[in-house]
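Q: The structure's right below; bear with me while I get my questions together.
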Amino acid sequence: MHRPALLLLAAAFCAPSFAAEVQVAVASNFTAPMKVLAARFEKDTGHKVLASYGATGKFYAQIQNGAPFDILLAADDDTPAKLDQENATVPRSRFTYAIGKLVLWSAREGVVDAKGEVLKAGTFDHIAIANSKLAPYGLAAQETLQKLNLLAALQPKFVTGDNIGQAYQFVASAAAPLGFVAMSQVYEDNKLKSGSSWVVPSTMYSPIRQDAVVLAKGASKPAVTAFIGFLKSDQAKAVIRSYGYDL
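Under my numbering, think of the first position of the sequence shown as -14, with each following residue one higher.
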């Protein structure tokens, strides 16, 4: 066999032959850290991460209808548990990868005070919130307003997004002067990126435990196993913490 042919044959059996794709359904609030994690995982392993971002409730419906996801990174723990009960997952693969925090945020400085008193003042036309039936952060926002006895008064001012990503966009684009978002969307290295905010005390809403689970379609795939191992690593945990999540 000629030398060029030997080189081509050798190349075919080198690193790329073991690279594979991992399809991950990712809750909107985890978009920023996921992009960092995916890049590092791809660099370290050669595998490709195909991430889709959206509302956990919509992902649940898509998975029921046969969507080709290998892994779900949910915004809650109820949805992965439900999928477990429906035998749609790899048994005993579920674990909590992050605990989310809720923030009242404005893209402009001086709008949101450090104690959230702006909510009681009500001097705004609109407030962005995620759909409480689809997005756990929307439910947490609703619980917060109930604790403050402000839900009925502020509900007519709601600008509702299907997921926390849309709620964030409403505020970022000035469609709403303020809104409830995930801390990970507006904080990095535990510092506010821009605007003004109130980090809602965790005692005001149910814990936002975000669970990951390997779906049935991801069973026995080495690249899926590798990504789950990476997500549990100290390197990944450091990234997750840097966006304001608890572990």
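Quick reminder that beta carbons are idealized off the backbone N, C-alpha and C, glycines included.
Based on DSSP bridge pairs, tell me the residues matched to K176.
A: The partner list for K176 (beta bridge, DSSP) reads E173.
Q: What do you reckon, are the CB atoms on V75 and L200 nearer than 9 Å?
A: Taking 9 Å as the Cβ cut-off, V75 and L200 qualify as a contacting pair.
Q: So what does I56 bridge to, in DSSP terms?
A: Per DSSP, V9 and V199.
Q: Per DSSP, which residues does R194 bridge with? Please list them.
A: According to DSSP, R194 bridges with I84.
Q: Can the beta-carbon of A125 be found less than 9 Å from the beta-carbon of S182?
A: Cβ distance not < 9 Å, so A125 and S182 don't count as in contact.
Q: Buried or exposed: where does A24 fall if 16 or more other Cβ atoms within 10 Å of its Cβ makes it buried?
A: The residue is exposed, with fewer than 16 neighbouring Cβ atoms inside 10 Å.
Q: Could you tell me the alpha carbon to alpha carbon distance between A99 and S169, rounded to whole angstroms?
A: Computed Cα separation, rounded: 18 Å.
Q: So, using beta-carbon positions, are A36 and F44 closer together than 9 Å?
A: It is not a contact, given that the beta carbons lie outside the stated cut-off.
Q: Comparing alpha-carbon positions, which option in G229, L139, V198 and A157 lies nearest D174?
A: Ranking G229, L139, V198 and A157 by Cα distance to D174 puts G229 first.
Q: Where does A211 sit, in a helix, a strand or coil, going by DSSP?
A: Looking at A211 - three-state DSSP - the assignment turns out to be helix.
Q: Nearest by alpha-carbon distance to Y172: which of A4, D63, K86 and A10 is it?
A: Nearest C-alpha to Y172: K86.
Q: Could you tell me the distance, in whole angstroms, from the CA atom of K33 to the CA atom of V224?
A: When rounded, the distance between both Cα atoms is 19 Å.
Q: What whole-angstrom Cβ distance do D61 and T41 have, given they're in contact under 8 Å?
A: The Cβ separation is near 6 Å, so the contact holds.
Q: How many angstroms separate the CA atom of L133 from the CA atom of V7?
A: When rounded, the distance between both Cα atoms is 43 Å.
Q: Taking the continuous alpha helix (DSSP H) assigned at V184, which residues delimit it?
A: From DSSP, V184 is part of no alpha helix (DSSP H) but of the beta strand (DSSP E) over S181 to V184.
Q: Please classify V156: does DSSP put it in a helix, a strand, or coil?
A: Helix, per DSSP.
Q: What's the call for P186, buried or exposed, on a 16-neighbour Cβ count within 10 Å?
A: Exposed, since its Cβ has fewer than 16 Cβ neighbours within 10 Å.
Q: Measuring CB to CB, does G39 end up less than 9 Å from G203?
A: In this structure, G203 does not lie closer than 9 Å to G39 by Cβ.
Q: When you compare the CB positions of I114 and Q127, do they come within less than 9 Å of one another, or not?
A: Result yes, Cβ atoms of I114 and Q127 sit closer than 9 Å.
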